[in-house]
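Enquirer:
In UniProt numbering, the protein residues as written are 1 to 94.
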């Protein structure tokens, strides 16, 4: 990945982090580091059960933190996940 693409990706990721924070009602300048699976599902427009399937099957590369039964998603990981799937047209491969 060239330096231009890396900086473009980093800028897009930072913008998405701010959007996630605003969508969930947090201060975009001070977003939380982690959110619950319910909040992650809201951000992604998916159901919590869908995220559970993704976790158990490894369908998508979406990292999560699990302590006991508690599941958390890093906001930076959600932003990177969305940034990797941001395209200009439907002919682009994600």
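Yeah, the Cβ is synthetic: ideal placement off N, Cα and C, and Gly gets one too.
Values in this document were obtained by computation on a predicted structure and should not be read as measured data.
Have a look at 47, 71, 58 and flag the residue whose alpha-carbon is nearest the alpha-carbon of residue 35.
Expert: As a working mapping, residue 35 is identified with position 35 in the chain shown. Ranking the options by Cα distance to residue 35, first place goes to 71.
Enquirer: Return yes when the Cβ of residue 37 is within less than 9 Å of the Cβ of residue 73, no when it is not.
Expert: Stepping through the chain shown from its first residue, residue 73 is reached at position 73. Stepping through the chain shown from its first residue, residue 37 is reached at position 37. Yes. Within cutoff.
Enquirer: Can you list, in chain order, the residues of its chain with a C-beta nearer than 8 Å to that of residue 168? Leave out the 5 residues immediately preceding and following it.
Expert: No answer is possible for residue 168: the residues shown for the chain start at 1 and end at 94.
Enquirer: Check the DSSP bridge columns for residue 19 and list the partner residues they point to.
Expert: The residue labelled residue 19 in the question sits at position 19 within the chain shown. Its beta-bridge partners do not exist; DSSP assigns none.
Enquirer: Across the stretch 76-89 and the stretch 54-66, are there enough close Cβ pairs to call them in contact, namely three or more that are closer than 8 Å?
Expert: These segments touch.
Enquirer: Starting from residue 44, trace the alpha helix (DSSP H) both ways and give me its first and last residue.
Expert: The count along the chain shown starts at 1 and reaches residue 44 at position 44. Residues 37-44.
Enquirer: Give the secondary structure of residue 66 by DSSP, where H, G and I count as helix, E and B as strand, and everything else as coil.
Expert: The residue given as residue 66 occupies position 66 in the chain shown. Residue 66 falls in the strand class under three-state DSSP.
Enquirer: Could you tell me whether the Cβ atoms of residue 12 and residue 86 are closer together than 9 Å?
Expert: Position 12 of the chain shown, counted from the start, is the residue given in the question as residue 12. Position 86 of the chain shown, counted from the start, is the residue given in the question as residue 86. Cβ atoms of residue 12 and residue 86: closer than 9 Å.
Enquirer: If you follow the alpha helix (DSSP H) that residue 55 is in, where does it begin and where does it stop?
Expert: Residue numbering aside, residue 55 sits at position 55 when the chain shown is read from its first letter. Residues 48-57.
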